[in-house]
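Report on the structure given below.
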Amino acid sequence: MQNIILVGFMGTGKTSIGRELAKRRGMEFIDLDDVIEEREHMKIADIFKEKGEPYFRQAEREAVRDVCGRKNLIVAAGGGAVLKQENVGDFASCGIVVCLEARPEIIVQRTSGHAHRPLLNVAQPIKKIRELLEKRKSHYDKIADHIDTSDMSLEEAVEKIMELVSRKINATFKDHPPADL
Ligand code: S3P
C-alpha cells in the first residue's frame, strides 16, 4: 500500500485525523513535525526561535525526503511543507495526497492554547491565520483533492478520506491494471 499524505494549514485536523485513519487502516502514523524534532533534537518552537524559519524549512525538506522513501504510512505534514515545490513533488510520487482545510474561525479555536505553533503565537492569531492562508493559497491549490473539516466530526472526516482514497486506488487500478490481468 502506498502512503497517504495529509497536507493543509495548521489546525485543519491532519494529526488527529491521520492517527485515527492509521488505526482504521492498520498502517503506521507519522507526524513530520515529530520526525524533524527527532532529527534536530529540538522542539519545533526552539528551532524557529534559535535557528529561524529558513533552517526549519530545510530540516522539513530533509524529513520529507526520508519519509517519502518509506511505504505504508499515514503522514501528517506540517502546514508549511507545501511551500517547497520539491516537497509537493515527493509527496505526489510517494503517496495519495489529501489537502485538509478549515475556516479561519475554526482554525483559531482548534489552535488556541497550543504553544508549539510558533507562527500563531502572536497577539492576533486570527489575523495571522488569514494572512498566511492568503499567502499560501496558490500552494494548497496545487493539491487536487481537498476536504473541508470545519463542520465534520473526527469520524466523518476519517470516512471521507477513506472514500476518497478508495476512489483514487480504484481509478489507478482501472487506468493501470496489473500486467497479468
Ligand atoms: C507550520 C505548521 C506546523 C509546524 C510549524 C510550521 C506552518 O505543523 O510544522 O510550526 O508553517 O504551517 P502543523 O501544521 O502540524 O501544526
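Using the numbering used here, the first residue of the sequence shown is number 4, and each one after it goes up by one.
Heads up, the beta-carbon is just placed ideally off N, CA and C, and yes, glycines get one too.
Remember, predicted model here, so these are calculated numbers, not experimental data.
* To do: Report the three-state DSSP secondary structure of residue 102 (helix, strand or coil).
  => strand
* Asked: Which same chain residues, not among the five before or five after residue 84, have their C-beta less than 7 Å away from its C-beta?
  -> 10, 35, 63, 67 and 90
* Asked: Roughly how many angstroms separate the alpha carbons of residue 173 and residue 79, rounded to a whole number?
  -> 23 Å
* **Exposed unless 16 or more other CB atoms sit within 10 angstroms - verdict on residue 41** => Burial is judged here by how many other beta carbons sit within 10 angstroms of a residue's own beta carbon; residue 41 has fewer than 16 and is exposed.
* Asked: Near residue 94, which residues of its chain fall below 6 Å by C-beta distance, leaving aside the five closest residues on each side in sequence?
  -> Answer for residue 94: 8 and 100, listed in chain order.
* To do: Sort 169, 57 and 110 by Cα distance to residue 24 and report the nearest one.
  => 169
* To do: With a threshold of 7 Å, establish whether the CB of residue 36 neighbours any heavy atom of the ligand S3P.
  => yes
* Asked: Would the beta-carbon of residue 5 fall within 8 Å of that of residue 74?
  -> A contact, by the Cβ cut-off of 8 Å.
* Asked: What does DSSP give as the partner residues of residue 132 in its beta bridges?
  -> Its beta-bridge partners do not exist; DSSP assigns none.
* Asked: Among residues of its own chain, excluding the 5 on either side of residue 77, which ones have a beta-carbon nearer than 6 Å to its beta-carbon?
  -> Cβ neighbours of residue 77 beyond the five flanking positions: 7, 21, 24, 25, 30 and 32.
* Residues of its chain near residue 110, where Cβ-Cβ distance is below 6 Å and the 5 sequence neighbours each way are ignored -> 14 and 132
* Return the chain-ordered list of same chain residues with a C-beta closer than 7 Å to the C-beta of residue 19, the five sequence neighbours on each side being excluded. => 157
* Can you name, in chain order, every residue of its own chain whose Cβ lies under 7 Å from the Cβ of residue 120, other than the five neighbours on each side? -> 13 and 114
* Might you give, ordered along the chain, the residues of its own chain that have their beta carbon closer than 7 Å to the beta carbon of residue 171, omitting 5 neighbours on each side? => For residue 171, where only same-chain residues beyond five positions count, the Cβ hits under 7 Å are 99.
* **Bridge-paired residues (DSSP) for residue 149** => Its beta-bridge partners are 102.
* Between the CA atoms of residue 48 and residue 96 - distance to the nearest angstrom -> 30 Å
* Asked: Along the chain, where does the beta strand (DSSP E) that runs through residue 6 open and close?
  -> 6 to 11
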